[in-house]
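J.: Add 1257 to a position in the sequence shown, counting from 1, and you land on the number used in my numbering.
Note that CB positions come from ideal geometry on N, CA and C, so glycine has one too.
Got a structure for you, written out below as structure tokens; questions coming shortly.
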Amino acid sequence: MTVLALLLLAVSAFAQDKLPVDIPASAAAPADQVRGLRMEFYPFDPNAPKGLDSLDEAMTFVFMSQPQLSELLDVPAVDFPKNARTAPDTVISLGDYFFGAQAFAARKASLPARMSAPIGPRSVFVLRGFFNVEKPGSYNFRFPVDDGAEVKIGGQVVLYQKEYGGMFPDADPKYAATVNFSKAGVYAIRITHWDRGQELGIHVYSDLTAAQPGAFVLLPILTGTGGSH
Ligand SMILES: [Ca+2]
């Protein structure tokens, strides 16, 4: 094997082996913080010079914009299923596909238009919630997403998946993250979910609360308001 081949091997191994992310003990959330999963929707602005063509652009767009819609969802887990949608992009009800209709079926709200001809449909959802870590330790996460997402836990970036082209198998290494918690407690999770068009979805799996070692379950979200009443 040549030196160059060895070097390429080392580079590719480095790219695939993501380092665990340490969450500082100070990131544990105060007990009286609002629970539940808050969703903000940012449709593409056709007057913007750039077309939300990448996750990088989506992050900037969200930073510079106000959400068109903001809702506190009453859902038990981060689960925004793909293939649950029944209608084309243009006019659909949020309940048709968002969180398997649990959060929006009763509301009958229409999804704001996210078409932006001639560039095509683009949108960003920001999801913010809390989950419980009963025991300090190292836990594994998977964030299968269509198309891309940034995931922050306790203020730390644990995933920045910027590829697009549909959802790959859940076990694809690009969706994986290992997170170390030095202290038990409630932690914030913030997901910026970017979609470049057509199918969309995100799930958050972890072995944090799985009964079997190595098994993955949807990440349970704490709901209701805590602590102060
Ligand atoms: Ca998509």
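Does DSSP classify Pro1430 as helix, strand or coil?
T.: helix
J.: Alpha helix (DSSP H) containing Phe1298: first to last residue?
T.: It is not in any alpha helix (DSSP H) - Phe1298 instead sits in the beta strand (DSSP E) that spans 1294–1300.
J.: Are the beta-carbon atoms of Phe1398 and Ala1406 separated by less than 8 angstroms?
T.: no
J.: With Val1332 as the anchor, note down where its alpha helix (DSSP H) starts and where it stops.
T.: Looking at the DSSP string, Val1332 is not in any alpha helix (DSSP H), and its letter there is neither H nor E.
J.: Should Ala1433 be labelled buried (16 or more other beta-carbon atoms within 10 Å of its own) or exposed?
T.: buried
J.: Could you tell me the boundaries of the alpha helix (DSSP H) in which Val1319 lies?
T.: 1312–1321
J.: Per DSSP, which one or two residues make a beta bridge with Ala1445?
T.: Phe1387
J.: Which of helix, strand or coil does DSSP assign to Ser1380?
T.: Ser1380 falls in the strand class under three-state DSSP.
J.: Is Ser1439 helix, strand or coil when you go by DSSP?
T.: coil
J.: From which residue to which residue does the beta strand (DSSP E) around Ser1395 run?
T.: 1394–1399
J.: In angstroms with no decimal places, state the Cα-to-Cα distance between Gly1483 and Pro1333.
T.: Confidence is the limiting factor: at Gly1483 the pLDDT is only 48, short of 50, which leaves the residue's position unreliable and the question unanswerable from this model.
J.: With a threshold of 7 angstroms (Cβ to nearest heavy atom), would Arg1379 be considered close to ligand 1?
T.: no
J.: Quick check: does the Cβ of Gly1454 come within less than 7 angstroms of any heavy atom belonging to ligand 1?
T.: The answer is yes for Gly1454.
J.: Relative to the C-alpha of Leu1465, which candidate in Gly1442, Val1390, Glu1420, Pro1287 has its C-alpha closest?
T.: If we check each option's Cα against that of Leu1465, Val1390 comes out closest.
J.: Spatial neighbours of Val1408 within its chain, please: CB distance less than 6 angstroms, with the 5 preceding and 5 following residues excluded, ordered by chain position.
T.: Phe1400, Val1415, Leu1416, Ile1448
J.: Assess contact between the region 1274–1291 and the region 1418–1427, defined as three or more Cβ pairs (one per stretch) separated by less than 8 angstroms. Is contact present?
T.: no
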